[in-house]
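In UniProt numbering, the protein residues as written are 1 to 735.
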Amino acid sequence: MADRQQYTRAPQGADIEEGDQSETGKEKRGKYGCFSCHPSFLSCLATEKFFLLAMCALVFSDAFNIGTLGGALTSLETRYELTVSQLGLIESLYEAGNLIFALFVVHFAGREEHRRPMFIGLGGLTMALGTAIAYSPQFLFSPYQPDWRSLSTNHTSEPLTCGSDWPAQSSVDLCDLDDQHTLRQESHLAYVIVICGEILVGIGWTPVMPLSMSYIDDNVNAKSSAMFIGITQSMFGIGTIIGFLASAAVASHWVDFYRVDPDTIKLSPGDQLWVGAWWLGLAITSALYFVSSLPFFGFPRILRTGPSASDAKADNFMLENSTTSPDSTDTETEIVEPAQKPKRPSSLAALPKLVWRMLCNPVYVWLNIASFSEMAVVAGMVTFFPKYLETQFGLSPPEANFFMGVIPVPAVALGSVLGGYLLKKLSLKADGAMKLALACSVVSLVGQVVLFGVGCDSVGLAGVDVSYSEDPWNRIDLTVNLTSSCNVDCGCNLTSPDVVCGVDSITYFSPCHAGCKETINGTYFNCSCVQEPTNQNAESEPGSAQHGACPMSNCQMLAPFLAITFIIALFSSCEEIPQLLVMMRCVEKSDKSLALGVRHILFRVFGSIPAPLYYGVAIDATCRLWQQFCGEQGDCWAYSLPDFRFTYIGITVGLKALSTAAYVVAWVLLKRRSGTDMAPAGGEGTMVVGDTTTAYRKVSENGANGDALLDRQGESATENSEMAVQQIPGNESSV
């Protein structure tokens with residue numbers, strides 16, 4: 001045993017340059033190029049840093065898509081008359097597309113003999129095509145018509161007051177118009193096309209993260225791997241920032257600005273019927289996907305072979321954080337590989353057995369429970385965060401997208417880098433990494449609980465949140481009814497809102513519902529439903545109203561809410577890198593891509609696919625007033641703000657509690673394994689936390705007695721030989 005030699009199984013393939021070696025004479029670099037063309041002047045691109053740059057660009061593109069699509073949801077809701085549940089379905093089916101081929105892609109494309117970067121590039125091109133399909137309805141169908149009165153020949157730009165002559169055609173007559181049927185059909189078809197495009201984007205994203213993470217971990221030394229992955233993950237934050245800011249910019253432009261004169265539109269971005277240029281952000285995203293995917297077609301199968309001795313000594317991540325005994329010496333770990341290491345079965349028939357092996361690893365399973373709980377929080381919170389800001393704090397869509405881009409999203413980027421930095425700076429092993437992830441999870445959970453008390457009361461919509469009575473703020477047994485004795489003779493229509501704010505600080509559905517009979521320059525007078533002026537409106541004329549909803553002047557909770565949200569996002573993202581590295585290192589190296597793929601599937605099945613759906617259904621349940629037109633339900637016009645807040649935050653707190661509990665269980669399991677299978681203080685060693693086999697190799701002070709201690713637990717000798725091998729990133733050995 002003392003005569004064993006450290007060696008590396010050199011990969012075979014045309015993309016490895018035999019003559020390009022480092023100063024040590026042991027490291028070989030891969031060629032950069034596509035197909036059979038590998039120009040020598042491009043060899044400098046076959047490096048870990050350039051792959052990191054390319055990966056950052058592609059992840060940035062996807063994060064930009066997340067931001068632009070998230071910021072476009074309100075415009076899509078109004079443009080195609082969608083419910084929040086239907087908006088959630090768009091996000092869920094994107095994740096479903098991601099799921100369709102996940103296991104097959106990582107099983108076959110993740111094999112060592114395949115070029116993983118090429119599959120990443122193909123995924124990027126697929127996402128570019130899917131995004132182009134998603135925004136194509138804008139150019140396939142007719143321009144947006146803001147409300148039903150635009151269909152009438154008697155349409156007037158002036159709002160209708162109490163006693164005004166409504167258009168000659170009733171809403172029932174309008175429902176029979178061919179134009180109205182065409183618009184409804186276009187809305188349904190456009191919704192289907194957007195969904196199909198997002199499914200294709202999800203399919204394209206399938207190989208990107210699993211293959212790139214394993215590629216980085218295989219080609220970067222162990223101490224730098226966490227930092228590389230952290231930098232890559234930080235692009236999700238940076239790209240989403242830019243995406244939401246871009247979405248805020250395009251939302252202030254009319255959706256059909258290139259074919260309709262915006263000056264003819266009597267709406268502003270703050271109006272409920274306003275639709276911004278939602279498609280413009282997706283068009284930019286499609287171009288970014290295309291450009292950022294091209295560099296991946298040039299990367300070799302393996303960037304380098306033959307890690308340095310420092311890499312071997314650094315790759316002890318699964319060791320317990322312990323203090324070296326004074327009488328121990330710093331010796332070099334002996335890396336031992338069996339003479340004939342069997343390859344992972346590549347046939348489809350072997351796939352169920354391999355997946356079952358993943359699911360029998362308790363540490364791996366509990367880490368995935370924590371991960372998909374966190375993913376559910378991200379999917380639900382990010383999807384509806386702008387809408388939450390709009391409804392809870394009265395912000396316009398551009399304002400909500402702006403705050404989304406400058407508050408929680410930068411915290412996510414900072415947290416990702418911080419998590420990787422702490423792992424490297426503190427040289428944390430598995431035990432320390434789990435403690436870091438658990439601590440961050442606890443802090444973010446406490447922050448979510450605090451948000452229960454940070455919000456505003458309902459805006460006060462007459463007939464919905466407050467009554468038309470002499471005591472309008474008495475909400476006992478209040479039922480939704482926009483008609484009262486003060487406006488019953490006005491003949492008001494419920495088809496389209498045109499809210500006004502009375503001097504009594506109550507918002508009314510329209511000037512007609514406020515009982516207003518006159519209008520001069522946007523101010524309404526002689527409003528029979530408007531009560532006496534409040535103190536802040538004491539100088540206003542009694543019985544008058546202004547266009548627009550009443551401001552939430554008494555609510556000062558926006559700043560505290562954003563500050564707490566920043567802290568939550570920072571600590572939530574900081575826990576991602578530690579738990580990801582523990583998850584990758586607690587399985588065999590040959591199973592790493594598959595383990596990431598199974599994690600990828602669990603993410604979707606239990607996290608990002610159902611989360612937007614049940615978040616959306618729960619939010620819809622808090623709606624107090626729905627649009628009803630032509631016998632169909634449209635988007636929500638008014639929410640109960642306290643119900644919205646407790647529902648939205650309550651679901652998030654439940655998921656965060658599950659994530660924190662899963663971290664605790666995973667940490668306990670890891671400690672139990674380390675108690676019997678890890679090296680004692682003063683020894684070098686590595687633990688593989690497998691489903692049935694735990695391997696530990698101890699090297700004595702002089703490095704001569706490197707016998708392996710294999711804990712046999714029911715597997716055959718062949719499987720034991722395959723699974724009990726230490727592998728260092730870049731050296732194709734098992735970790």
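Beta carbons are placed, not taken as given, at the ideal position from N, Cα and C, and that holds for glycine. From a predicted model like this one, the values you see are computed outputs, not experimental measurements.
Nearest neighbour of residue i, chosen from the options [CA to CA]
i: Ala-666; options: Phe-603, Val-377, Ala-370; result: Ala-370
i: Val-480; options: Cys-623, Gly-97, Ile-90, Gly-123; result: Cys-623
i: Phe-372; options: Ser-659, Thr-83, Gly-432; result: Ser-659
i: Leu-93; options: Ile-564, Leu-45, Val-454, Trp-205; result: Trp-205
i: Asp-62; options: Ile-120, Cys-550, Ala-514; result: Ile-120
i: Pro-352; options: Cys-636, Arg-672, Ala-595, Leu-53; result: Ala-595
i: Ile-467; options: Cys-456, Ser-505, Cys-492; result: The amino acid occupying residue 467 in the given sequence is Ser; Ile does not appear at that position. If we check each option's Cα against that of Ser-467, Ser-505 comes out closest.
i: Asn-368; options: Ser-40, Val-582, Gly-123; result: Val-582
i: Val-255; options: Pro-269, Phe-603, Gly-276; result: Gly-276
i: Ser-458; options: Cys-586, Gly-394, Lys-424; result: Gly-394
i: Asn-487; options: Asp-263, Glu-374, His-513; result: His-513
i: Gly-438; options: Trp-366, Val-499, Ala-411, Gly-491; result: For the sequence presented, residue 438 should be read as Leu rather than Gly. Out of Trp-366, Val-499, Ala-411, Gly-491, Trp-366 has the C-alpha closest to the C-alpha of Leu-438.
i: Pro-578; options: Met-127, Leu-428, Lys-589; result: Leu-428
i: Ser-286; options: Gly-405, Gly-123, Thr-161, Phe-296; result: Gly-123
i: Val-617; options: Gln-86, Phe-41, Gly-33; result: Gln-86
i: Asn-541; options: Ser-36, Gly-502, Val-442; result: Rather than Asn, the amino acid found at residue 541 in this sequence is Glu. The shortest C-alpha separation from Glu-541 is found at Gly-502.
Boundaries of the alpha helix (DSSP H) in which residue i is found, first to last residue
i: Val-450; result: 430–450
i: Glu-588; result: Unbroken run through Glu-588: none, as it is neither H nor E.
i: Asp-62; result: 48–79
i: Ser-387; result: One detail in the question is off: residue 387 reads as Lys in this sequence, not Ser. From DSSP, the alpha helix (DSSP H) with Lys-387 extends over 362–393.
i: Asn-219; result: 208–219
i: Ser-286; result: 278–293
i: Arg-357; result: 351–359
i: Ala-132; result: 116–135
i: Ser-85; result: 84–100
i: Lys-425; result: 408–425
i: Ile-619; result: 610–620
C-beta atoms of residue i and residue j nearer than 8 Å
i: Leu-99; j: Ile-601; result: yes
i: Gly-432; j: Leu-426; result: yes
i: Gly-97; j: Glu-186; result: no
i: Thr-507; j: Leu-580; result: no
i: Pro-207; j: Val-105; result: yes
i: Ala-545; j: Pro-497; result: no
i: Glu-95; j: Val-220; result: no
i: Phe-101; j: Ile-203; result: yes
i: Phe-525; j: Glu-532; result: no
i: Val-84; j: Cys-529; result: no
i: Val-377; j: Lys-656; result: yes
i: Tyr-258; j: Thr-131; result: no
i: Val-454; j: Met-557; result: yes
i: Pro-386; j: Gly-607; result: no
i: Cys-586; j: Asn-401; result: no
i: residue 771; j: Trp-274; result: With the chain represented from 1 up to 735, any question about residue 771 goes unanswered, as that position is not in the structure.
i: Ser-75; j: Ala-251; result: yes
i: Phe-60; j: Ile-238; result: yes
i: Val-412; j: Phe-236; result: yes
Cα-Cα separation, residue i to residue j
i: Arg-599; j: Leu-625; result: 41 Å
i: Leu-389; j: Phe-644; result: 11 Å
i: Leu-89; j: Phe-244; result: 20 Å
i: Leu-613; j: Lys-435; result: 32 Å
i: Glu-27; j: Gly-67; result: Any reading at Glu-27 needs caution, since the residue's pLDDT is 45, under 50, leaving its predicted position unreliable; the model's value is listed next. Going from the Cα of Glu-27 to the Cα of Gly-67 covers about 41 Å.
i: Phe-64; j: Leu-125; result: 16 Å
i: Cys-555; j: Ser-396; result: 16 Å
i: Cys-550; j: Val-464; result: 14 Å
i: Ala-379; j: Pro-408; result: 14 Å
i: residue 738; j: Gly-548; result: No answer is possible for residue 738: the residues shown for the chain start at 1 and end at 735.
i: Leu-354; j: Asp-218; result: 20 Å
i: Phe-51; j: Phe-299; result: 8 Å
i: Ser-573; j: Ile-193; result: 33 Å
i: Arg-115; j: Asp-591; result: 17 Å
i: Leu-710; j: Ser-214; result: Bear in mind that a pLDDT of 31 at Leu-710, under 50, signals an unreliable position, so the number given afterwards is only what the model happens to contain. When rounded, the distance between both Cα atoms is 26 Å.
i: residue 746; j: Leu-282; result: Beyond the ends of the chain as shown, which are 1 and 735, falls residue 746; an answer cannot be given.
i: Leu-303; j: Pro-117; result: 11 Å
Chain D contact for residue i (CB, 8 Å cutoff)
i: Leu-282; result: Note that chain D does not occur in the displayed structure, where there is just one protein chain.
Which parts of the region 536–576 are runs of the beta strand (DSSP E), unbroken and 3 residues or longer, counting only runs that do not cross its ends? 545–547
Entirely within the region 497–535 and at least 3 residues each: give me those beta strand (DSSP E) ranges in chain order. 500–502, 518–520, 523–525
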